[in-house]
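So for the sequence shown, the numbering used here puts the first residue at 26; every next one is plus one.
Glycine included, each C-beta is placed from N, C-alpha and C at the ideal position.
Just so you know, these numbers come straight off a predicted model, no measurement behind them.
Notes follow once the structure below has been shown.
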Amino acid sequence: MKDLVDILKNTRQHLMNGVSHMIPVVVSGGILFAIAAMLSMNSVQTSASVSSAGLAGFLSNVGGVGLGLMVPVLSAYIAASIADRPGIAPGIIGGQLAVNVGAGFIGGIITGLVAGIAAHYLKKIPLPKSIQSLKAIFIVPLLATLITGFVIVVVVGNPCAALLKFLEGWLGDMTGSAAILVGAITGAMIAFDLGGP
């Protein structure tokens with residue numbers, strides 16, 4: 026129980042580890058996708074759609090894959106922060122499952138924490154010396170992946186997806202003064218983050 030309390034006390038550190046490893050993936054994918062969108066534009070179009078042919082299509086493909094890996098990478102490195110290398114496989118698989126069920130970042134954070142905690146406790150199970158070498162590369166990742174998959178698919182996936190859909194709809198429906206309020210809050214958050222009050 027003390028281990029779990031320590032893990033939860035350091036949740037911020039685990040989340041920051043996931044985010045710091047996710048940022049290069051997001052930046053690489055986002056810039057390549059933006060260049061593809063820029064190459065696809067012409068002065069006649071009023072709305073840009075990314076071309077699927079030529080250099081723009083290639084950059085769009087590569088950038089799209091990079092952006093699609095955001096949640097799995099976030100989840101994997103949250104889990105790795107908790108359980109070291111045995112947490113990576115269940116974290117990345119759990120993150121992809123979160124994307125598949127529509128749970129997004131919320132699901133990715135949950136799968137990272139669940140995968141890390143499961144792998145952390147599974148590492149402590151004593152095994153005979155004959156199969157000890159399989160523990161970190163086979164037994165722990167396999168069992169932690171099963172646990173994480175069950176949690177995201179059966180338990181929290183649908184509620185997370187519903188919450189995300191609600192939030193997207195709520196933000197999409199904002200007009201007028203409500204949109205100004207969200208803009209002001211976002212601007213204040215960025216200002217505090219970059220320079221303090």
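- Between the beta-carbon of LEU80 and that of LEU57 there is about 11 angstroms, and that puts the pair past the 8 angstroms contact cut.
- Assignment of ASN35 by DSSP, reduced to helix, strand and coil, places it in the coil class.
- Counted as a single uninterrupted DSSP element, the alpha helix (DSSP H) harbouring GLY88 occupies residues 79-93.
- In the displayed model, ILE150 falls within coil according to three-state DSSP, outside both helix and strand.
- Segment contact: the region 138-155 against the region 111-118, three or more CB-CB distances shorter than 8 angstroms; contact assigned.
- Of the candidates ILE135, PRO97, GLU193, LYS190, ILE135 places its Cα closest to the Cα of ILE177.
- Taken atom to atom, the span from the alpha-carbon of ALA213 to that of ILE205 is near 12 angstroms.
- Rounded to the nearest whole angstrom, the CA to CA distance from VAL52 to THR200 is 30 angstroms.
- Here HIS145 is not near ALA101, since their CB atoms are 9 angstroms or more apart.
- Selection GLY208, ALA59, LEU99 evaluated against SER45 yields LEU99 as nearest (Cα-Cα).
- Look at the beta carbons and you see the region 145-164 not touching the region 184-200: under three pairs across the two are nearer than 8 angstroms.
- Between SER106 and HIS39, the alpha-carbon positions lie close to 5 angstroms from each other.
- Less than 9 angstroms separates the beta-carbon of GLY82 from that of ALA61.
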